[in-house]
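J.: In my numbering, the protein residues as written are 14 to 284. By construction, the Cβ of each residue, glycine as well, lies at the ideal position given by its N, Cα and C atoms.
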(Lines of atoms letter the chains of each structure in order from A and count residues from 1; the text may use other names and numbers.)
(Lines give C-alpha, C1' and ligand atoms only; values in the text may rest on other atoms or scores of the structure.)
Protein backbone atom coordinates (compact mmCIF):
# COMPACT_ATOMS: atom_id res chain seq x y z
CA UNK A 1 0.00 0.00 0.00
CA UNK A 2 1.33 3.46 -0.95
CA UNK A 3 0.65 6.45 1.23
CA UNK A 4 0.35 10.02 0.05
CA UNK A 5 1.53 11.82 3.11
CA UNK A 6 2.98 15.28 3.41
CA UNK A 7 6.49 15.45 4.66
CA UNK A 8 8.28 18.53 5.95
CA UNK A 9 11.77 19.10 4.58
CA UNK A 10 13.78 22.17 5.55
CA UNK A 11 10.67 24.07 6.63
CA UNK A 12 8.61 23.24 3.47
CA UNK A 13 6.00 20.58 2.88
CA UNK A 14 6.30 17.98 0.13
CA UNK A 15 3.90 15.26 -1.04
CA UNK A 16 5.30 11.77 -1.42
CA UNK A 17 3.14 9.78 -3.83
CA UNK A 18 3.17 6.03 -4.27
CA UNK A 19 6.03 3.65 -4.65
CA UNK A 20 7.77 5.84 -7.18
CA UNK A 21 8.27 8.37 -4.42
CA UNK A 22 7.74 11.37 -6.72
CA UNK A 23 7.95 14.59 -4.87
CA UNK A 24 5.81 17.62 -5.80
CA UNK A 25 6.40 20.90 -4.01
CA UNK A 26 3.26 22.28 -2.41
CA UNK A 27 3.32 24.81 0.44
CA UNK A 28 1.19 23.52 3.25
CA UNK A 29 -1.74 25.63 4.39
CA UNK A 30 -1.98 24.91 8.10
CA UNK A 31 -5.34 26.71 8.39
CA UNK A 32 -6.99 24.26 6.01
CA UNK A 33 -5.07 21.21 7.12
CA UNK A 34 -4.29 20.45 3.51
CA UNK A 35 -1.43 21.40 1.18
CA UNK A 36 -2.23 24.34 -1.13
CA UNK A 37 -1.02 24.93 -4.67
CA UNK A 38 0.31 28.19 -6.12
CA UNK A 39 0.24 29.28 -9.74
CA UNK A 40 3.86 30.19 -10.29
CA UNK A 41 3.26 31.72 -13.73
CA UNK A 42 2.78 35.51 -14.02
CA UNK A 43 1.18 37.37 -16.96
CA UNK A 44 2.89 40.44 -18.75
CA UNK A 45 2.51 42.87 -21.72
CA UNK A 46 3.12 41.64 -25.19
CA UNK A 47 5.12 43.76 -27.66
CA UNK A 48 1.96 44.64 -29.62
CA UNK A 49 0.17 45.82 -26.47
CA UNK A 50 3.17 47.97 -25.54
CA UNK A 51 3.27 49.53 -29.01
CA UNK A 52 -0.47 50.31 -28.81
CA UNK A 53 -0.02 52.07 -25.47
CA UNK A 54 2.94 54.11 -26.78
CA UNK A 55 0.97 55.09 -29.91
CA UNK A 56 -2.06 56.22 -27.88
CA UNK A 57 0.18 58.21 -25.54
CA UNK A 58 1.89 59.92 -28.51
CA UNK A 59 -1.44 60.82 -30.16
CA UNK A 60 -2.78 62.23 -26.88
CA UNK A 61 0.38 64.31 -26.36
CA UNK A 62 0.15 65.74 -29.89
CA UNK A 63 -3.52 66.66 -29.41
CA UNK A 64 -2.86 68.35 -26.06
CA UNK A 65 0.13 70.27 -27.46
CA UNK A 66 -1.82 71.39 -30.55
CA UNK A 67 -4.76 72.55 -28.42
CA UNK A 68 -2.47 74.49 -26.11
CA UNK A 69 -0.63 76.20 -28.99
CA UNK A 70 -3.97 77.22 -30.56
CA UNK A 71 -5.25 78.50 -27.20
CA UNK A 72 -2.05 80.47 -26.61
CA UNK A 73 -2.31 82.07 -30.07
CA UNK A 74 -5.91 83.13 -29.50
CA UNK A 75 -5.00 84.58 -26.11
CA UNK A 76 -2.10 86.58 -27.60
CA UNK A 77 -4.44 88.08 -30.20
CA UNK A 78 -7.07 88.95 -27.58
CA UNK A 79 -4.42 90.44 -25.30
CA UNK A 80 -3.16 92.57 -28.21
CA UNK A 81 -6.64 94.03 -28.74
CA UNK A 82 -7.13 94.63 -25.02
CA UNK A 83 -3.70 96.26 -24.79
CA UNK A 84 -4.53 98.71 -27.60
CA UNK A 85 -7.88 99.48 -25.96
CA UNK A 86 -6.16 100.05 -22.61
CA UNK A 87 -3.50 102.32 -24.14
CA UNK A 88 -6.14 104.44 -25.87
CA UNK A 89 -7.75 104.97 -22.46
CA UNK A 90 -4.29 105.67 -21.03
CA UNK A 91 -3.72 108.51 -23.53
CA UNK A 92 -7.26 109.79 -23.02
CA UNK A 93 -6.65 109.94 -19.27
CA UNK A 94 -3.36 111.84 -19.71
CA UNK A 95 -5.12 114.57 -21.68
CA UNK A 96 -8.10 114.83 -19.35
CA UNK A 97 -5.91 115.04 -16.24
CA UNK A 98 -3.60 117.58 -17.89
CA UNK A 99 -0.42 115.50 -17.60
CA UNK A 100 2.45 117.91 -18.43
CA UNK A 101 5.43 115.84 -17.31
CA UNK A 102 5.00 112.11 -17.92
CA UNK A 103 8.33 110.31 -18.39
CA UNK A 104 10.01 113.39 -19.88
CA UNK A 105 12.04 115.48 -17.41
CA UNK A 106 11.56 118.70 -19.38
CA UNK A 107 7.92 117.93 -20.04
CA UNK A 108 5.60 120.85 -20.63
CA UNK A 109 5.94 122.76 -17.39
CA UNK A 110 3.67 125.78 -17.25
CA UNK A 111 5.12 126.86 -13.90
CA UNK A 112 8.78 127.18 -12.90
CA UNK A 113 9.54 126.46 -9.26
CA UNK A 114 10.87 129.40 -7.29
CA UNK A 115 9.91 132.02 -4.74
CA UNK A 116 7.49 133.02 -5.98
CA UNK A 117 6.82 130.45 -8.78
CA UNK A 118 6.77 131.99 -12.25
CA UNK A 119 4.57 131.16 -15.18
CA UNK A 120 6.09 130.05 -18.49
CA UNK A 121 4.74 130.64 -21.94
CA UNK A 122 3.97 126.90 -22.37
CA UNK A 123 0.64 125.13 -22.34
CA UNK A 124 -0.46 121.55 -22.88
CA UNK A 125 -1.82 121.03 -26.38
CA UNK A 126 -2.93 117.42 -25.87
CA UNK A 127 -1.92 113.77 -26.12
CA UNK A 128 -2.19 111.45 -29.09
CA UNK A 129 -1.66 107.84 -30.15
CA UNK A 130 0.25 107.30 -33.41
CA UNK A 131 -0.88 104.29 -35.50
CA UNK A 132 0.62 102.73 -38.63
CA UNK A 133 -0.81 99.75 -40.53
CA UNK A 134 1.40 96.65 -40.97
CA UNK A 135 3.15 97.53 -37.71
CA UNK A 136 3.66 95.50 -34.55
CA UNK A 137 3.15 98.46 -32.25
CA UNK A 138 2.40 102.18 -31.90
CA UNK A 139 3.58 105.22 -29.99
CA UNK A 140 2.19 107.81 -27.59
CA UNK A 141 3.26 111.46 -27.29
CA UNK A 142 2.25 114.69 -25.64
CA UNK A 143 2.05 118.03 -27.46
CA UNK A 144 3.40 121.15 -25.73
CA UNK A 145 2.66 124.59 -27.18
CA UNK A 146 4.95 127.59 -26.51
CA UNK A 147 3.52 131.06 -27.09
CA UNK A 148 5.82 133.87 -28.19
CA UNK A 149 5.66 137.34 -29.79
CA UNK A 150 3.69 140.50 -29.13
CA UNK A 151 -0.06 140.85 -29.36
CA UNK A 152 -1.81 140.50 -31.66
CA UNK A 153 0.93 138.74 -33.63
CA UNK A 154 1.59 135.78 -31.42
CA UNK A 155 3.31 132.66 -32.69
CA UNK A 156 2.53 129.21 -31.32
CA UNK A 157 5.29 126.62 -31.51
CA UNK A 158 4.28 122.99 -30.80
CA UNK A 159 6.85 120.44 -29.61
CA UNK A 160 6.51 116.79 -28.62
CA UNK A 161 7.34 115.36 -25.20
CA UNK A 162 6.84 112.19 -23.16
CA UNK A 163 7.02 109.95 -26.24
CA UNK A 164 6.78 106.24 -25.56
CA UNK A 165 6.75 103.19 -27.83
CA UNK A 166 4.37 100.27 -27.22
CA UNK A 167 4.81 96.78 -28.73
CA UNK A 168 2.00 94.32 -29.40
CA UNK A 169 2.36 90.64 -28.39
CA UNK A 170 4.42 88.33 -30.63
CA UNK A 171 2.75 87.62 -33.98
CA UNK A 172 0.10 90.36 -33.55
CA UNK A 173 0.12 93.34 -35.94
CA UNK A 174 -2.09 96.25 -36.97
CA UNK A 175 -3.37 95.37 -40.43
CA UNK A 176 -5.76 98.23 -41.17
CA UNK A 177 -6.95 101.61 -39.90
CA UNK A 178 -10.31 102.93 -41.06
CA UNK A 179 -12.13 106.18 -40.46
CA UNK A 180 -15.88 105.84 -40.96
CA UNK A 181 -18.98 108.02 -40.99
CA UNK A 182 -22.51 106.80 -41.72
CA UNK A 183 -21.91 107.53 -45.41
CA UNK A 184 -18.14 107.29 -45.99
CA UNK A 185 -15.36 104.87 -45.06
CA UNK A 186 -11.73 105.86 -45.58
CA UNK A 187 -8.75 103.52 -45.23
CA UNK A 188 -5.77 105.19 -43.56
CA UNK A 189 -2.19 103.93 -43.74
CA UNK A 190 -0.94 106.19 -40.96
CA UNK A 191 -3.28 107.93 -38.52
CA UNK A 192 -3.61 109.60 -35.13
CA UNK A 193 -6.15 109.56 -32.30
CA UNK A 194 -5.89 112.94 -30.56
CA UNK A 195 -7.20 113.98 -27.13
CA UNK A 196 -7.41 117.63 -26.12
CA UNK A 197 -7.18 118.70 -22.45
CA UNK A 198 -10.55 119.41 -20.85
CA UNK A 199 -12.37 118.08 -23.90
CA UNK A 200 -14.01 114.66 -23.91
CA UNK A 201 -14.29 114.64 -27.70
CA UNK A 202 -11.82 112.61 -29.78
CA UNK A 203 -10.12 114.01 -32.88
CA UNK A 204 -9.02 111.84 -35.79
CA UNK A 205 -6.14 112.76 -38.11
CA UNK A 206 -4.12 111.09 -40.82
CA UNK A 207 -0.50 111.52 -41.74
CA UNK A 208 0.49 113.74 -44.65
CA UNK A 209 3.06 116.32 -45.66
CA UNK A 210 0.48 118.84 -46.78
CA UNK A 211 -2.54 120.27 -45.00
CA UNK A 212 -5.14 119.28 -43.93
CA UNK A 213 -3.18 116.08 -43.16
CA UNK A 214 -0.87 116.17 -40.17
CA UNK A 215 2.81 115.54 -39.48
CA UNK A 216 3.37 116.12 -35.74
CA UNK A 217 7.12 116.60 -36.22
CA UNK A 218 6.63 119.38 -38.77
CA UNK A 219 5.80 122.90 -37.58
CA UNK A 220 3.95 123.88 -40.73
CA UNK A 221 1.36 121.12 -40.43
CA UNK A 222 1.36 120.04 -36.80
CA UNK A 223 -1.84 119.48 -34.80
CA UNK A 224 -1.85 123.06 -33.57
CA UNK A 225 -2.12 126.03 -35.93
CA UNK A 226 1.04 128.09 -35.40
CA UNK A 227 -0.77 131.41 -35.93
CA UNK A 228 -3.91 130.83 -33.84
CA UNK A 229 -2.92 128.13 -31.34
CA UNK A 230 -6.09 126.16 -32.20
CA UNK A 231 -6.31 122.56 -33.37
CA UNK A 232 -6.21 122.20 -37.14
CA UNK A 233 -9.19 120.73 -39.04
CA UNK A 234 -9.35 116.95 -38.70
CA UNK A 235 -11.19 114.00 -40.15
CA UNK A 236 -14.03 114.29 -37.65
CA UNK A 237 -17.51 114.46 -39.09
CA UNK A 238 -19.67 117.43 -38.16
CA UNK A 239 -22.01 115.37 -35.97
CA UNK A 240 -20.34 114.13 -32.74
CA UNK A 241 -20.55 110.38 -32.20
CA UNK A 242 -21.34 109.53 -35.83
CA UNK A 243 -17.74 108.95 -36.87
CA UNK A 244 -15.37 106.26 -35.59
CA UNK A 245 -11.85 105.02 -36.13
CA UNK A 246 -11.48 101.24 -36.32
CA UNK A 247 -8.05 99.65 -35.81
CA UNK A 248 -7.83 95.98 -36.80
CA UNK A 249 -5.26 93.80 -35.07
CA UNK A 250 -4.46 90.46 -36.68
CA UNK A 251 -2.56 87.24 -36.10
CA UNK A 252 -2.64 83.77 -37.65
CA UNK A 253 -5.47 83.03 -35.19
CA UNK A 254 -7.88 85.69 -36.48
CA UNK A 255 -8.78 89.37 -36.14
CA UNK A 256 -9.99 91.84 -33.54
CA UNK A 257 -11.34 95.32 -34.20
CA UNK A 258 -10.71 98.06 -31.65
CA UNK A 259 -13.11 100.94 -32.26
CA UNK A 260 -13.20 104.43 -30.78
CA UNK A 261 -15.86 107.03 -31.55
CA UNK A 262 -15.78 110.79 -31.23
CA UNK A 263 -17.43 110.79 -27.82
CA UNK A 264 -14.57 108.69 -26.42
CA UNK A 265 -16.19 105.25 -26.18
CA UNK A 266 -13.72 102.43 -26.87
CA UNK A 267 -14.60 98.77 -27.41
CA UNK A 268 -13.11 95.65 -28.99
CA UNK A 269 -14.85 93.08 -31.20
CA UNK A 270 -13.77 89.58 -32.25
CA UNK A 271 -14.07 89.21 -36.04
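Can you tell which of 199, 284, 266 has its C-alpha closest to the C-alpha of residue 359?
T.: With the chain represented from 14 up to 284, any question about residue 359 goes unanswered, as that position is not in the structure.
J.: State the start and end residues of the unbroken beta strand (DSSP E) segment that holds residue 159.
T.: It spans 150-163 - the beta strand (DSSP E) in which residue 159 sits, taken as one unbroken run.
J.: For residue 152, I'd like the list of residues in its chain whose CB is within less than 8 Å of its CB, leaving aside the five on either flank, ordered along the chain.
T.: Hits under 8 Å: 142, 143, 176, 177, 178, 179.
J.: Can you name, in chain order, every residue of its own chain whose Cβ lies under 6 Å from the Cβ of residue 170, other than the five neighbours on each side?
T.: Here the set comprises 159.
J.: Once DSSP output is grouped into helix, strand and coil, what is the label at residue 194?
T.: Looking at residue 194 - three-state DSSP - the assignment turns out to be coil, as it is neither helix nor strand.
J.: Would the stretch 160-169 count as touching the stretch 223-231 if we require 3 or more Cβ pairs under 8 Å?
T.: Verdict: no, contact absent.
J.: Let me check understanding here. Comparing Cα to Cα, which of 105, 104, 139, 93 lies closest to residue 121?
T.: Looking at the Cα atoms, 139 is the closest of the given residues.
J.: Could you have a look at residue 270 and say whether DSSP puts it in helix, strand or coil?
T.: Strand, per DSSP.
J.: Give the DSSP bridge partners of residue 177, in chain order.
T.: Residue 177 is bridged to 153.
J.: Checking the sheet assignment: what are the DSSP bridge partners for residue 264?
T.: DSSP, once it has assigned bridges, lists 267 as partnering residue 264.
J.: Identify, in the order they occur along the chain, each residue of the same chain with its Cβ nearer than 7 Å to the Cβ of residue 113, setting aside the five sequence neighbours on each side.
T.: So the list reads 120, 121, 122, 123, 137, once near-sequence residues are dropped.
J.: Compare the beta carbon distance of residue 257 and residue 272 with 7 Å and say whether it is the shorter of the two.
T.: The answer is yes: Cβ separation under 7 Å.
J.: Count the other CB atoms, across all protein chains shown, that sit within 10 Å of the CB of residue 249; report buried if there are 16 or more and exposed otherwise.
T.: By the neighbour-count rule (16 or more Cβ atoms within 10 Å), residue 249 is buried.
J.: Roughly how many angstroms lie between the CA atoms of residue 11 and residue 264, to the nearest whole one?
T.: Lying outside 14 to 284, the shown extent of the chain, residue 11 is not represented and no answer is given.
J.: Quick test of your reading: residue 181 and residue 262, contact by CB under 8 Å. State the CB separation rounded to the nearest angstrom.
T.: Right, the Cβ-Cβ distance comes to about 7 Å (below 8 Å), so this counts as a contact.
J.: DSSP beta-bridge partners for residue 206?
T.: Answer by DSSP bridge pairing, in chain order: 142, 217.
J.: Taking Cβ to Cβ, would you say residue 275 is nearer than 7 Å to residue 215?
T.: Yes, they are a contact pair.
J.: Cutting at 7 Å between CB atoms, please list the residues of its own chain near residue 96, excluding the five before and the five after it.
T.: Only 181 meet the Cβ criterion.
J.: Taking the alpha carbon of residue 167 as the reference point, which residue from 200, 174, 241 has its own alpha carbon closest?
T.: That would be 241, whose Cα lies nearest to the Cα of residue 167.
J.: Please name the residue, chosen from 221, 210, 69, 260, that lies closest to residue 244 on a Cα-to-Cα basis.
T.: When only C-alpha atoms are compared, the closest one is 210.
J.: Tell whether a beta-carbon distance below 7 Å holds between residue 5 and residue 157.
T.: In the structure displayed, the chain extends from 14 to 284; residue 5 sits before or after that span and is not available.
J.: Does the beta-carbon distance from residue 191 to residue 202 come in below 7 Å?
T.: Cβ atoms of residue 191 and residue 202: not closer than 7 Å.
J.: Give me the residue from 217, 196, 76 with the minimum Cα distance to residue 277.
T.: The shortest C-alpha separation from residue 277 is found at 217.
J.: Give a yes or no on whether the C-beta atoms belonging to residue 165 and residue 255 are separated by under 7 Å.
T.: Cβ distance not < 7 Å, so residue 165 and residue 255 don't count as in contact.
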